[in-house]
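Everything below concerns the one structure shown next.
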Amino acid sequence: MDSLKLAQLRFFCAVMEAGSIVAASRRLNCVASNVTARLRELEQIVGQPLFLREKGRLIETPAGRAFYAQAHEVVQKASALEHFFEPDVPRGVLRLGALDVALHHFLPQRLPSFMQAFADVELHLLKRASYTLEQMLMERELDLALTDGPIEHPLLQSRLVFTEHLRLVAPAHVPSVAAINWARTDVLLFNSDCFYRSVFESWMKKNRVTPRRIQTIESYQVIFACVRAGLGVCCCPDVMLPAAQAQGLHVMTPPDLPAAPVYCVWRRDGATPLLIRFVDHLRGCAE
1 MDSLKLAQLR FFCAVMEAGS IVAASRRLNC VASNVTARLR ELEQIVGQPL FLREKGRLIE
61 TPAGRAFYAQ AHEVVQKASA LEHFFEPDVP RGVLRLGALD VALHHFLPQR LPSFMQAFAD
121 VELHLLKRAS YTLEQMLMER ELDLALTDGP IEHPLLQSRL VFTEHLRLVA PAHVPSVAAI
181 NWARTDVLLF NSDCFYRSVF ESWMKKNRVT PRRIQTIESY QVIFACVRAG LGVCCCPDVM
241 LPAAQAQGLH VMTPPDLPAA PVYCVWRRDG ATPLLIRFVD HLRGCAE
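So, in structure tokens, the structure goes:
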């Protein structure tokens, strides 16, 4: 069985609406024989007579009237799709992933204005850890990630959007970094797919400090409660430690603890105009 073609439905609807093959051919700017041929093809495909031929006239059958109600809707939707992408009206679905620090601090200040300005863009936003985001980009599960950088990879491209600062957090009674007895101290960090964990592990190695153990806890609220109770120390970005959470804690900034720049990252072959417009909007708001 042959497949239906949109042109056949257009011709059929034109005849139904114009009332004759000749009138429909004028509307469609084609010869009448072309219209007749398309109608014959359509009737063969659907297996029903859509018109009765009587003394040179076409009279729609009950089946033809029922079929028109469906065909007309399809033709209208197809016509609308031809103008789906209008000039200077971005439209699309962007799949985004972001670190928790971007979700807590950066995006709430910038995403609402993008959504207001570009109402025809649909956003799918999820939270993941740094290395998971990079893997999802590589596997094309995301269009763009807000993650730690810079990322140097031949398939990826990135732009800086903001810089977060890391802090070493200890119980309030610990006066300084030098006062930490590392051999008897636990370090509380997120899992190994967290960039901040790798930064702090590198810092400890550089400073030749070895904690009693590293405990994996994927909740800053739980981590701060444990540090406040004297159960260890942690490393966290500024934005995750508001003033209300800092009570009972000593927040320190070792001079050699690196900053944590956050980048928009995407695949080079996925740099669509919509994606670049989104990145430019985020960076423009940050400037």
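First residue of the sequence shown? That's 1 in the UniProt record's numbering, and the numbers climb one at a time after it.
Backbone N, C-alpha and C fix where the C-beta goes; we use that ideal spot for every residue, glycine too.
In terms of Cβ geometry, residue 152 and residue 260 do not form a close pair [threshold 7 Å]. With respect to the 7 Å criterion, residue 265 and residue 145 are classified as neighbours on the basis of their beta carbons. Rounded to the nearest whole angstrom, the C-alpha separation of residue 201 and residue 160 is 24 Å.
With distances taken between CA atoms, residue 240 lies nearest to 99 out of 64, 280, 40 and 99. Bridge partners of residue 170 according to DSSP: 250.
When the five nearest sequence neighbours on each side are left out, the beta carbons in the same chain lying within less than 6 Å of the beta carbon of residue 24 are those of 14, 15, 18 and 35, in order along the chain.
Contact annotation: residue 232 and residue 189 have beta-carbon atoms that are not nearer than 7 Å. When the beta-carbon positions are compared, residue 148 and residue 106 stay at least 7 Å from each other.
Judged by beta-carbon spacing, residue 199 lies within the 7 Å limit of residue 258, meaning their Cβ atoms are closer than that value. Of the residues 49, 220 and 210, the one whose Cα lies closest to the Cα of residue 167 is 220. Sequence-distant Cβ neighbours of residue 270 in its own chain, meaning closer than 7 Å and more than five residues away, are 143.
Just so you know, the alpha carbons of residue 12 and residue 82 end up roughly 19 Å apart.
Under the three-state reduction of DSSP output, residue 158 falls in the strand class. From the listed residues 73, 169, 95 and 77, the smallest Cα separation to residue 267 is found for 95.
With respect to the 7 Å criterion, residue 123 and residue 97 are not classified as neighbours on the basis of their beta carbons. For residue 111, no beta strand (DSSP E) encloses it; the enclosing alpha helix (DSSP H) starts and ends at 107-117. Between residue 76 and residue 63, the C-beta spacing is not below 7 Å. Taking a C-beta distance under 7 Å as the contact criterion, residue 9 and residue 93 do not qualify as a contact pair. Taking the Cβ atoms as the reference, residue 208 lies roughly 18 Å from residue 186, outside the contact range of under 8 Å. Residue 170 is not a Cβ neighbour of residue 104, given a cutoff of 7 Å. A Cβ-Cβ separation of about 7 Å places residue 121 in contact with residue 274 under the 8 Å criterion.
By DSSP's assignment, residue 213 forms a beta bridge with 186. Beta-bridge analysis with DSSP links residue 92 to 121.
When the five nearest sequence neighbours on each side are left out, the beta carbons in the same chain lying within less than 8 Å of the beta carbon of residue 85 are those of 91, in order along the chain.
Between residue 184 and residue 278, the alpha-carbon positions lie close to 48 Å from each other.
Of the other Cβ atoms in all chains shown, fewer than 16 fall within 10 Å of the Cβ of residue 178; this residue is therefore exposed. Taking C-beta atoms under 8 Å as the contact rule, residue 78 and residue 6 qualify, at a distance of about 6 Å. Minimum Cα-Cα distance from residue 140 among the listed residues 22, 281, 155 and 229 corresponds to 155. In this structure, DSSP gives residue 61 a state outside helix and strand, which the three-state scheme calls coil. The alpha carbon of residue 135 has as its nearest neighbour, out of 111, 117 and 193, the alpha carbon of 193. Approximately 4 Å separates the beta-carbon atoms of residue 52 and residue 59; this is inside 8 Å, confirming the contact.
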